[in-house]
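Here the sequence shown is numbered in my numbering, starting from 9 and rising by one per residue. Note that CB positions come from ideal geometry on N, CA and C, so glycine has one too.
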Amino acid sequence: MTTDMIDSKPSRLNPIRDSKNRIKLGVFGINGNGAALTLHPDRYQCTWDSNLRLAEMAEELGFEAFVSAAHWKSFGGDGHYSGDLMETFTWAGAVAAVTKRIGIISTLHVTLIHPVFAAKAEATVDLISNGRAGMNLVLGWNPPDLQVFGVELKGHDARFEVGEEWMEIFDRLWEGKESFDYRGKYFDIKGAYNQPRGIQTRPALLNAGRSARGREFAAKHCDIAFVSAHDPAPEAIKKQVDACRSEASTKFGKDIQIWMSAYVVLKDTTKEAQEYVHDYVVTQGDDAAVQNILNNSEIDTTKLSPEAASKQSFSLKAGFYGYPLVGDPDHVAELFKNLSDAGVDGFLLTWLDYEGGLARFGRELLPRLEKAGLRAPFIEMV
Ligand SMILES: Cc1cc2nc3c(=O)[nH]c(=O)nc-3n(C[C@H](O)[C@H](O)[C@H](O)COP(=O)(O)O)c2cc1C
9 MTTDMIDSKP SRLNPIRDSK NRIKLGVFGI NGNGAALTLH PDRYQCTWDS NLRLAEMAEE
69 LGFEAFVSAA HWKSFGGDGH YSGDLMETFT WAGAVAAVTK RIGIISTLHV TLIHPVFAAK
129 AEATVDLISN GRAGMNLVLG WNPPDLQVFG VELKGHDARF EVGEEWMEIF DRLWEGKESF
189 DYRGKYFDIK GAYNQPRGIQ TRPALLNAGR SARGREFAAK HCDIAFVSAH DPAPEAIKKQ
249 VDACRSEAST KFGKDIQIWM SAYVVLKDTT KEAQEYVHDY VVTQGDDAAV QNILNNSEID
309 TTKLSPEAAS KQSFSLKAGF YGYPLVGDPD HVAELFKNLS DAGVDGFLLT WLDYEGGLAR
369 FGRELLPRLE KAGLRAPFIE MV
């Protein structure tokens with residue numbers, strides 16, 4: 009089948025990819041449990057109403073991205089709050105219908121979600137949002153997420169082999185030039201074709217792999233790669249950023265954006281902010297969920313020193329290994345500046361109390377970031 013009638017699409021601006029802000033901002037994990045593993049009463053409770061309020065606030069503040077997380081099983085067993093996570097394409101379609109400007113990212117496991125389904129679902133979100141759709145491609149690391157589908161977690165390299173085939177199929181479907189058969193090691197497809205067509209030339213693609221293989225996958229296929237906060241020193245972050253950028257440009261001739269995930273705790277004083285984190289992480293942390301995650305993870309925690317193990321558990325509970333943007337407004341603005349100087353282009357932010365946290369961020373942080381030349385006051389893109 010040929011589709012001469014519909015195969016040329018105008019290129020258009022994407023709220024995430026084409027933002028000129030030196031620091032781009034996204035809200036992450038609002039379709040579910042956020043990023044903190046804690047029983048603290050301020051923790052985020054996902055409802056559709058809270059999503060509506062957060063989407064409206066994030067748009068008014070000029071944030072570039074509204075980003076979902078994807079899991080299929082709670083971290084703490086049946087009935088646990090971390091399982092209350094809305095499906096990400098359904099969520100994205102609804103968010104698209106009630107927003108006008110922000111980029112909407114569906115996170116999906118490429119080892120579970122067939123590319124033919126993903127292309128159709130993403131095109132649908134792209135049509136509803138008038139070209140603001142994107143995807144965060146995750147390969148899967150938590151066996152229970154896959155086992156509910158009867159799928160066992162593949163070895164690390166094999167997951168990325170699936171990812172390579174998936175990406176080739178998705179790109180051909182999205183390009184939509186002609187119907188095709190595909191026979192690979194993991195996919196066998198007859199007469200693949202995607203209708204309806206999306207609006208963008210290609211949706212904005214994110215991948216957060218930090219292994220050498222993950223970084224290569226992000227550099228090859230995605231618009232946004234992520235660096236880790238494992239060593240939060242700006243020089244260490246810069247080293248990671250430089251490595252990602254240079255891999256994208258030397259191997260694949262591409263510019264790529266480099267983002268980080270970060271949790272924000274903003275209080276009047278840095279001491280107060282640190283005490284608040286200590287309370288929700290150490291006093292009221294959800295240790296059972298953390299233990300389940302660590303038991304399922306490929307990191308052999310028995311090889312870690314007690315100090316390293318406790319640091320890891322703290323970072324997991326505080327904001328799923330995100331960078332700690334913790335302190336008074338001047339201190340947090342300074343952290344943003346340092347990370348921007350290290351080359352970080354954007355942040356996926358999480359809070360404990362998303363609504364109060366995002367509102368305060370808008371009041372106290374954004375003016376400081378604007379003053380520092382890191383963001384311009386929001387102007388609608390045309
Ligand atoms: C910001 C961010 C968001 C992520 N979101 C999810 C998610 O929603 N679901 C999931 O299963 N994995 C998620 N991951 C995990 C990564 O996609 C990836 O599996 C992990 O970093 C391991 O890749 P690697 O082996 O290349 O380091 C996320 C990671 C980051 C940093």
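Between the beta-carbon of GLY84 and that of ALA297 there is about 4 Å, and that keeps the pair under the 8 Å contact cut.
SER27 is classed as buried because its beta carbon has at least 16 other beta carbons within 10 Å across all chains shown. Residues of the same chain with a CB within less than 8 Å of the CB of ALA270, apart from the 5 flanking positions on each side, are ALA237, GLY327, GLY330, TYR331, PRO332, LEU333, PHE355, LEU356, LEU357 and THR358 in chain order.
Between LYS81 and GLY91, the gap from beta carbon to beta carbon is short of 9 Å. For TRP182, the uninterrupted alpha helix (DSSP H) segment begins and ends at 164 to 183. Within 8 Å of the C-beta of TRP149 there is at least one heavy atom belonging to ligand 1. Under the 8 Å Cβ criterion, the region 189 to 209 does not count as touching the region 96 to 110, having fewer than three qualifying pairs.
The DSSP-derived three-state label of THR98 is helix. Within 8 Å of the C-beta of ASN59 there is not a single heavy atom belonging to ligand 1. At a cut-off of 8 Å, the beta-carbon of TYR89 does not count as near ligand 1: no heavy atom of the ligand is closer than that. Counting along the chain, the unbroken alpha helix (DSSP H) around PRO123 starts and ends at 123 to 137. The bridge partners DSSP lists for ILE232 are LEU214 and GLN265. Not a single heavy atom of ligand 1 lies less than 8 Å from the C-beta of GLY327. In the DSSP assignment, LEU154 falls within the alpha helix (DSSP H) that extends over 151 to 155. Taking C-beta separations shorter than 7 Å and ignoring five residues to either side along the sequence, the partners of LYS275 in its chain run ALA281, TYR284 and ASP336, following chain order. A residue is called buried when at least 16 other Cβ atoms come within 10 angstroms of its Cβ; VAL289 meets this threshold and is buried.
Between TRP56 and SER76 the beta-carbon gap is near 13 Å, outside 8 Å, which marks them as no contact. The region 146 to 160 and the region 303 to 322 touch, with no fewer than 3 CB-CB distances between them shorter than 8 Å. Rounded to whole angstroms, the gap between the alpha carbons of PHE178 and LEU21 is 21 Å. Look at ASP165: its beta carbon is at least 8 Å from all of the heavy atoms in ligand 1.
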